[in-house]
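Trainee: Let me give you the structure first, and then I'll get to my questions.
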Ligand SMILES: Cc1cc2nc3c(=O)[nH]c(=O)nc-3n(C[C@H](O)[C@H](O)[C@H](O)COP(=O)(O)OP(=O)(O)OC[C@H]3O[C@@H](n4cnc5c(N)ncnc54)[C@H](O)[C@@H]3O)c2cc1C
């Protein structure tokens with residue numbers, strides 16, 4: 063069982079693979095990759111039965127290709143046995159995208175983790191999907207460049223997974239999310255064909271397939287190469303923490319900063335529950351008695367940053383900020399960010415389990431929606447903390463729970479659903495960056511009607527008609543793997 | 255072909271307030287590459303668009319949407335056009351949520367009208383394509399038009415957050431939404447942008463907006479050769495500076511600009527126009543550092559534009575990309591200088607002249623070839639230029655050309671290895687071929 067309501071179980075898309083068939087598949091795959099790169103014992107597979115969401119399901123086989131040709135050959139083998147294929151990056155996804163709900167073959171990209179090319183004149187890099195997000199910026203930094211999208215999980219998540227989810231991050235507020243930084247892809251189709259889409263240049267003739275594939279959650283193709291844009295590091299960065307006594311003041315500050323047209327590089331919000339958890343964990347120096355803090359960053363040219371900081375501080379003061387602290391140096395700046403980036407982990411220390419939601423609302427509706435979030439959680443007797451990309455209106459309520467308490471999971475599920483209903487009613491969406499996966503299949507109906515969903519399914523029908531790739535995701539689907547486990 | 259009489263009758267029933275005309279004189283004004291539609295229908299609301307498309311679909315008629323008509327000549331020759339659906343009555347601004355920096359507008363609104371409204375609240379849609387007075391939102395999105403400031407703000411794909419699109423069966427479907435961040439389901443916005451009406455009719459759009467710049471300035475620099483100019487561009491792009499636009503103007507384009515727009519630039523060598531936006535202090539510093547860089551790259555300072563003269567200059571740049579034979583080339587920035595030399599050689603070989611404007615920071619060149627009636631020579635030159643563009647990891651499309659030439663070339667070039675995937679999408683979205691074929695890549 064999962065934390066989200068399962069769709070009604072009717073005929074499953076795929077039968078679980080039989081032991082004898084599995085032996086055949088393993089034999090073929092081992093002949094291709096070498097036995098070392100084909101995992102199939104239950105001990106070896108355990109690591110791959112979950113991601114950072116709450117669902118799980120064990121694959122039958124895990125393979126580690128070394129090249130695009132390997133991937134294409136794996137796909138052909140899988141197709142010949144009618145066994146589903148699920149691509150997996152680091153498994154940090156929060157919506158179950160990498161979970162093989164019908165079992166089958168999981169492709170892991172740990173061996174395809176190289177930077178293939180960096181071209182500073184043209185501001186491009188070509189990378190393999192298994193490259194860890196932060197490793198790209200680490201490679202670029204010495205030359206003064208970096209790769210913009212910076213999910214809070216960037217120390218472990220992969221660029222392939224980022225492409226799969228169209229990942230965002232704190233600094234995507236002005237610079238845009240993954241899709242705004244990818245120009246081209248090399249992909250493998252369900253027929254095992256290797257195809258180039260987009261390219262090194264802009265406006266390639268034809269449909270914008272790159273744009274369509276980013277965020278397709280492994281349901282249309284397997285990405286084997288990614289051409290990204292890189293940019294110069296800013297000259298100056300100023301990081302500020304503003305402390306507020308009410309959530310409303312903090313949210314109003316966010317929407318006024320945006321409305322005034324001063325768009326900082328990042329505006330992140332943390333509420334009291336999160337502050338307390340973070341302080342206990344990271345000692346970043348956040349006040350534990352504040353209702354909320356905003357972590358904000360201005361970057362660019364020295365003069366511009368100074369101007370922005372002034373404007374931001376003025377808005378904070380207008381909304382009664384108790385204090386605004388500007389990081390004095392890089393160490394302090396890193397400390398401020400460490401608090402934010404470790405927030406999920408910190409919450410893990412105060413609660414056995416938590417469930418992260420991911421809704422988006424128009425920024426002016428933040429005060430209302432945050433109030434509703436706490437009312438909803440209170441009505442179910444659940445504790446909630448908020449740590450999120452406030453500048454984008456992208457909420458991440460963290461609902462704490464303990465699955466040993468009878469009925470608790472059901473309450474968490476209902477609260478999560480109600481929160482998304484509120485986001486949808488406020489003109490927002492059900493996911494800003496974590497994706498639909500298996501978690502939000504039902505919630506798609508909160509924002510899309512039947513026609514909208516049918517049109518989207520035409521795309522899957524065009525590319526992945528038998529759902530060989532990542533079956534049973536994104537849309538309401540009958541019949542899933544019997545062993546999706548209770549928490 | 256389809257049953258045009260019953261179509262007209264049904265139209266009366268389902269969309270009685272839509273304007274319908276089949277008068278020969280009027281139709282001539284709507285010809286696309288010389289092909290006359292059999293009907294022009296002008297719906298007054300989105301619901302009617304749905305009815306019209308559904309009826310065309312049911313009667314086996316082919317349909318093409320038209321906004322302001324400024325970019326109808328983009329693409330290959332259309333096959334038969336039974337119904338031309340004109341969107342210019344769909345002009346409502348449904349919402350401008352200024353504090354959220356978003357808006358929601360109907361597709362028939364002109365770009366100029368939208369910008370005027372947004373400007374009242376100190377905002378703009380950060381797209382600066384040509385012909386803002388005539389071009390509509392729907393047409394701009396369908397043809398993925400952009401302008402010099404895409405260097406800073408990106409193109410339509412970076413600014414659209416939601417669309418409503420009438421599907422081939424007449425049903426209305428939404429993609430994206432009203433918020434700036436959204437990963438629910440497939441990102442169909444990207445698919446519709448630039449699809450030239452082959453997948454659906456865009457009827458309204460949600461955009462992410464930007465505040466109008468507090469100030470802006472433009473430096474004009476001249477270089478004796480393209481190599482120096484492009485080294486300067488690469489240095490700028492790899493620096494701390496954040497120009498909003500970098501335009502390269504060759505001597506041919508410079509003389510056009512003085513002939514047609516009264517903008518006087520040196521007509522030998524290359525001019526580089528570098529635009530900065532922001533607060534006065536940051537602009538001043540960026541201008542200073544650009545001047546220093548320019549000196550290192552053997553540039554001559556020509557002018558420093560602000561105010562009226564600046565707006566006039568950029569308007570001339572935008573409108574210049576609208577000649578009789580215009581090739582749009584996208585290549586790597588580092589390849590622009592060698593490519594310019596190639597253009598020169600190719601033109602010499604075929605006794606043609608070129609006038610070139612480039613969004614130099616994006617590697618996008620607009621090459622105007624003349625004379626426009628030298629069809630056989632143009633065919634050869636275009637083929638050569640296209641193959642050089644491919645070698646430079648890029649592409650060449652012919653954005654505008656006389657029909658005579660269009661009949662004899664492929665304006666898009668040969669489709670790539672991903673074409674079969676595009677075809678499958680087209681078959682899913684438009685199984686009966688309701689949307690006029692022939693104009694898009696590979697004849698889609
Ligand atoms: C602590 C924490 C903080 C986070 N912060 C953020 C944040 O700030 N912003 C944000 O956007 N997300 C965030 N996430 C979510 C997650 O890290 C991102 O979704 C990330 O992009 C997933 O990358 P991954 O490599 O772990 O992919 P996985 O979870 O392994 O896979 C994600 C999806 O991509 C598909 N996929 C993977 N590789 C490929 C490929 N090669 N080809 C095709 N499809 C592929 C998978 O099938 C799956 O559907 C956070 C997660 C955690 C645990």
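Chains as they are written, first to last, in this note's numbering: chain W, 63 to 549; chain Z, 255 to 698. Glycine is no exception: its CB is placed at the ideal position from the N, C-alpha and C atoms. Nothing here was measured: the structure is a model prediction, and the numbers come from that model.
1. I believe residue 449 of chain W touches residue 279 of chain W by the beta-carbon criterion, under 8 Å. Please report the beta-carbon distance rounded to the nearest angstrom.
2. For residue 417 of chain W, write down the residues that DSSP places opposite it in a beta bridge.
3. By the three-class DSSP mapping on this structure, what secondary structure does residue 278 of chain W have?
4. For residue 675 of chain Z, count neighbouring C-beta atoms within 10 Å of its own C-beta (all shown protein chains included) and say buried if the count is 16 or more, exposed if not.
5. Ordered along the chain, which non-local residues of its own chain (more than five positions away) have a Cβ less than 6 Å from that of residue 135 of chain W?
6. Below 8 Å on C-beta distance, what does residue 321 of chain W contact in chain Z?
7. Any C-beta of chain W sitting closer than 7 Å to the C-beta of residue 682 of chain Z?
8. At a threshold of 6 Å, does residue 359 of chain W count as lining ligand 1 (C-beta to nearest heavy atom)?
9. Can you name the residues of chain W whose CB is closer than 9 Å to the CB of residue 411 of chain Z?
10. Can you name the start and end residues of the beta strand (DSSP E) that residue 459 of chain Z belongs to?
11. With a cut-off of 8 Å on the beta carbons, I'd call residue 419 of chain Z and residue 429 of chain Z a contact; round off their distance for me.
12. Got a sec? Which residues, its chain only, sit under 8 Å from residue 264 of chain W by beta carbon, not counting five neighbours each side?
13. Does residue 425 of chain W come within less than 7 Å of chain Z when only Cβ atoms are used?
14. Kindly indicate if chain W contains any beta-carbon less than 7 Å away from that of residue 534 of chain Z.
15. How would you label residue 437 of chain W, buried or exposed, when you count the other beta carbons within 10 angstroms and need 16 or more for buried?
16. Do you know whose CA, among Z:483, Z:643, Z:463 and Z:440, lies nearest residue 516 of chain W's CA?
17. Tell me, which residues are paired with residue 702 of chain Z by DSSP?
18. Mind listing which residues of the stretch 661-683 of chain Z have their C-beta closer than 8 Å to chain W's C-betas, in chain order?
19. For the stretch 134-160 of chain W, list every residue whose C-beta sits within 9 Å of some C-beta in chain Z, in sequence order.
20. Quick check: what's the CA-CA separation for residue 258 of chain Z versus residue 292 of chain Z?
21. Helix, strand or coil for residue 376 of chain W, going by three-state DSSP, please let me know.
22. Could one say the Cβ of residue 212 of chain W lies closer than 7 Å to chain Z's Cβ atoms, at least one of them?
23. Could you tell me if the beta carbon of residue 257 of chain W falls within a distance shorter than 6 Å of some heavy atom in ligand 1?
24. Residues of chain W with a CB under 8 Å from the CB of residue 442 of chain Z: which are they?
25. Hey, is residue 327 of chain Z's beta-carbon within less than 7 Å of any beta-carbon in chain W?
26. Going straight from the alpha carbon of residue 420 of chain W to that of residue 535 of chain W, what length do you get?
27. Is residue 568 of chain Z helix, strand or coil by DSSP?
28. Can you name the start and end residues of the beta strand (DSSP E) that residue 347 of chain Z belongs to?
29. Should residue 685 of chain Z be labelled buried (16 or more other beta-carbon atoms within 10 Å of its own) or exposed?
30. Could you tell me whether any Cβ in chain Z is nearer than 7 Å to the Cβ of residue 495 of chain W?
31. Residue 87 of chain W to residue 251 of chain W, Cα distance in whole Å?
32. Show which residues of chain W have a CB atom less than 7 Å away from the CB atom of residue 648 of chain Z.
33. Within 10 angstroms of its Cβ, does residue 272 of chain Z collect 16 or more other Cβ (buried), or is it exposed?
34. So residue 405 of chain Z and residue 613 of chain Z are supposed to be a Cβ contact under 8 Å. How far apart are they, rounded?
35. What does a CB cutoff of less than 7 Å around residue 522 of chain W pick up in its chain, not counting 5 residues either side in sequence?
36. To the nearest angstrom, how far is it from the Cα of residue 190 of chain W to the Cα of residue 205 of chain W?
Mentor: With the given structure in hand:
1. That belief does not hold up - the Cβ atoms of residue 449 of chain W and residue 279 of chain W are roughly 24 Å apart, past 8 Å.
2. DSSP lists W:461 as partners of residue 417 of chain W.
3. coil
4. buried
5. 94
6. 352, 353, 354 and 355
7. yes
8. no
9. 241, 242, 270 and 273
10. Where residue 459 of chain Z is concerned, the enclosing beta strand (DSSP E) stretches over 455-462.
11. 7 Å
12. 245
13. yes
14. Chain W contact via Cβ: absent.
15. exposed
16. Z:440
17. This structure cannot settle anything about residue 702 of chain Z, because the visible part of chain Z is limited to 255 through 698.
18. 666, 667, 669, 670, 671, 672, 673, 675, 676, 678, 679, 681, 682 and 683
19. none
20. 8 Å
21. helix
22. no
23. no
24. 274, 517, 518 and 521, listed in chain order.
25. no
26. Their backbone Cα atoms lie some 17 Å apart in a straight line.
27. helix
28. 347-351
29. exposed
30. yes
31. 19 Å
32. 263, listed in chain order.
33. buried
34. 7 Å
35. So the qualifying residues of the chain are 281 and 282.
36. 21 Å
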